[in-house]
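Chemist: FYI, the numbering for the sequence shown is 1 to 445, going by full-length UniProt numbering.
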Amino acid sequence: MQNLRIIFSRKSEELFIITYLTTVVVLLSSTVIFFLENEAQPTVFTSVGRCAWWSIETITSLGYGDIVPITSSGRTFASMLSLWGMILFALPGAIIGTGFIELMLEKRQSSVDSQSSFSQPRKDMDNCSKSFSTEDGCMSNQLDIMQRLEHLMEQQVKLQNSMDAQLKQLDCIRKQRFLKKGMLRCVLESTLPSTRVISSTVGDQASNFGRNNQLIIVRGLRNMIANMTGKVDDAAISTEKLEETEVKHDLVLDPFCFRQFDDPKYNGTRINFDKKEFEKRINEIYVQHNKKLIDGYAPFCKHLFVENFTDTRTNTVKITQANAHLLMSDYEARAAHELPVLVRWFPSHSVTPSMAKYLDIILYNRDQIQNENKATGTAMDQTQNEAPWGIISIKAQNVDYELPMTPITMMRNALGKEEGGSGVPLNRNQYIKSVEFWKNHANVK
1 MQNLRIIFSR
11 KSEELFIITY
21 LTTVVVLLSS
31 TVIFFLENEA
41 QPTVFTSVGR
51 CAWWSIETIT
61 SLGYGDIVPI
71 TSSGRTFASM
81 LSLWGMILFA
91 LPGAIIGTGF
101 IELMLEKRQS
111 SVDSQSSFSQ
121 PRKDMDNCSK
131 SFSTEDGCMS
141 NQLDIMQRLE
151 HLMEQQVKLQ
161 NSMDAQLKQL
171 DCIRKQRFLK
181 KGMLRCVLES
191 TLPSTRVISS
201 TVGDQASNFG
211 RNNQLIIVRG
221 LRNMIANMTG
231 KVDDAAISTE
241 KLEETEVKHD
251 LVLDPFCFRQ
261 FDDPKYNGTR
271 INFDKKEFEK
281 RINEIYVQHN
291 KKLIDGYAPF
301 CKHLFVENFT
311 DTRTNTVKIT
321 QANAHLLMSD
331 YEARAAHELP
341 VLVRWFPSHS
351 VTPSMAKYLD
361 IILYNRDQIQ
371 NENKATGTAM
381 DQTQNEAPWG
391 IISIKAQNVD
401 YELPMTPITM
411 MRNALGKEEG
421 GSGVPLNRNQ
431 YIKSVEFWKN
441 HANVK
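1) Could you tell me the distance, in whole angstroms, from the CA atom of E37 to the CA atom of A52?
2) From M153 to K168, what distance separates their C-alpha atoms?
3) Would you mind reading off the limits of the beta strand (DSSP E) that contains G390?
4) Quick check: what's the CA-CA separation for A375 versus G420?
5) With DSSP run on the structure shown, which of helix, strand or coil describes N371?
6) Using beta-carbon positions only, say whether C257 and S422 come within less than 8 Å of one another.
7) What residue does the beta strand (DSSP E) around T316 start on, and which one ends it?
8) When DSSP labels each residue in this structure, what does I67 get in the three-state scheme?
9) Please report the distance separating the alpha-carbon of K275 from that of N443.
10) Is the number of C-beta pairs between the region 395-402 and the region 346-363 that are closer than 8 Å three or more?
11) Using DSSP bridges, identify the partner residues of R344.
12) Looking only at DSSP bridge pairs, what is I362 linked to?
13) Quick check on A336: does DSSP put it in helix, strand or coil?
14) Within the continuous beta strand (DSSP E) that includes V252, where are the two ends?
15) Check whether the region 379-392 and the region 306-318 are in contact - that is, three or more C-beta pairs closer than 8 Å.
16) If you compare alpha carbons, which of V32, S348, E307 and V343 is closest to N323?
17) Suppose contacts are defined by Cβ-Cβ distances below 8 Å. Is L88 in contact with I59 by that definition?
18) Quickly, what does DSSP pair T355 with across the bridge? List them, please.
19) Which partner residues of D295 appear in the DSSP bridge assignment?
20) Go through its chain and collect everything with a Cβ distance to R344's Cβ below 6 Å, but skip five positions before and after it.
21) Determine the contact status of V424 and A335, defining contact as a CB-CB distance below 8 Å.
22) Buried or exposed for L342, going by 16 or more other Cβ atoms inside 10 Å?
23) Answer yes or no: do I271 and V306 have a C-beta to C-beta separation smaller than 8 Å?
24) How close, in whole Å, do the beta carbons of V252 and I391 come, if the pair is a contact with beta carbons under 8 Å?
25) Report the option in R75, S82, H325 and S73 whose CA atom is closest to the CA atom of S61.
26) Buried or exposed: S9, going by 16 or more other Cβ atoms within 10 Å of its Cβ?
27) Specify, as a first and last residue, the run of the alpha helix (DSSP H) that N283 falls within.
28) Going along the chain, which residues of its own chain have a beta-carbon closer than 8 Å to the beta-carbon of S434, five neighbours each way excluded?
29) Going along the chain, which residues of its own chain have a beta-carbon closer than 8 Å to the beta-carbon of N3, five neighbours each way excluded?
30) Find out if the Cβ-Cβ distance for the pair F300, Y364 is shorter than 8 Å.
31) Return the residue from the list M380, K439 and M355 that minimises the CA-CA distance to D367.
32) In whole angstroms, what separates the C-alpha of T269 from that of L105?
33) Could you tell me whether any Cβ in chain E is nearer than 8 Å to the Cβ of K445?
34) Roughly how many whole angstroms lie between the Cα atoms of N440 and F346?
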């Protein structure tokens with residue numbers, strides 16, 4: 001019964017048209033048969049109302065009613081009316097059958113989508129396991145390298161001990177005055193992060209210069225070894241700290257765009273992807289494109305069109321006669337400081353958008369972002385001040401060029417930064433183009 005209610009609500013227009021046409025046919029046939037049969041059967045076809053009953057009876061019984069025309073023209077007309085009765089019986093069944101097929105296809109598509117959504121976590125787990133396996137391999141290589149380094153340092157220690165013995169012999173020679181005073185002097189300074197070796201005041205005999213350098217190098221290595229732990233744990237900690245150091249990007253995700261990743265109620269393009277990884281991928285593509293950007297609707301706005309590397313679907317669907325009745329509308333605001341405006345959308349369960357081919361990365365320069373945040377009283381992220389561009393929105397679409405901005409967004413921009421807009425004046429030509437597109441399309445929420 002629930003399926004029938006859905007089908008009748010969707011096909012109400014078609015069924016209404018059939019009912020309307022049948023009413024017109026009954027009224028028209030009543031008038032025609034009255035003029036054709038009134039003279040031949042004045043007691044039977046007495047009035048147009050009586051003839052209307054004959055028309056209904058002929059349509060429903062396919063010509064087998066108790067009132068029958070006797071004139072040739074009346075019989076011909078009755079045959080045509082019976083033919084309409086057969087058509088009338090066939091059309092509703094075909095329309096309802098089509099509704100059943102459409103409903104079953106939508107349920108099947110919903111089932112496929114739900115299965116794909118359940119399979120996505122498994123894929124993520126597989127990717128994570130592969131990543132951990134790779135990291136384990138890297139750690140094994142690092143462990144092997146550190147073990148070799150430790151062995152090398154042990155050999156250097158042995159060499160240093162041998163050189164220390166030679167140094168003691170030189171000291172004895174100096175004490176015995178076989179060498180002049182001040183002939184050899186070495187100063188070695190070492191710090192924790194690195195070893196600095198300062199050598200000076202070599203004696204008058206140039207032949208001892210090479211030996212002094214050897215002693216300085218050996219002692220420096222000894223101090224460096226003392227400062228190094230030689231343990232894999234310390235190496236792993238330093239490696240983790242190095243990995244945690246964030247790479248500075250030219251294009252950074254602005255907090256205004258976080259809702260597309262984190263807010264399940266957001267009615268625009270939802271991105272099911274890690275924010276840091278997404279930002280990293282976008283900057284890699286940006287560098288591959290030689291850092292070329294496409295001009296936007298204002299000097300501070302730019303676009304970067306990339307092939308969709310996520311599972312994001314388009315959030316725009318064409319409005320047709322079959323889905324227009326599914327549209328919903330409400331007054332909504334994107335943020336607390338903005339004015340609510342009238343928007344319309346398709347519920348996500350009523351339509352099935354296609355997988356997006358491209359992502360439109362919408363960028364604002366740093367000055368514009370700071371000006372809007374200042375005007376609306378939004379806290380600024382100081383860590384992003386060095387990035388020249390902020391990603392303020394992402395659109396999933398099937399073309400690699402900018403789709404028209406919604407008319408209501410243009411109006412909000414014209415209101416100024418205090419109301420959540422950009423402060424760009426309304427351009428009439430661009431507004432008309434936007435209306436031409438969005439009167440035939442709507443977002444999916």
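Where is the CB? At the ideal position from N, CA and C, for every residue including glycine.
Modeler: From the atom records:
1) One C-alpha to the other measures close to 13 Å.
2) 22 Å
3) W389 to Q397
4) 9 Å
5) Helix, per DSSP.
6) no
7) T316 to K318
8) coil
9) 23 Å
10) yes
11) S329
12) H303 and S393
13) coil
14) L251 to L253
15) no
16) S348
17) yes
18) Note that residue 355 is Met in the sequence shown here, rather than Thr. Within the DSSP bridge table, the entry for M355 names R313 as partners.
19) K302
20) L327, S329 and A442
21) no
22) exposed
23) no
24) 7 Å
25) S82
26) Burial call: exposed.
27) In the DSSP annotation of this structure, the continuous segment of the alpha helix (DSSP H) that includes N283 starts and ends at K275 to Q288.
28) P404, M405, T406, P407 and M410
29) Same-chain partners within the cutoff: F100 and L103.
30) yes
31) M380
32) 24 Å
33) Absence of chain E from the displayed structure is noted, only one protein chain being present.
34) 13 Å
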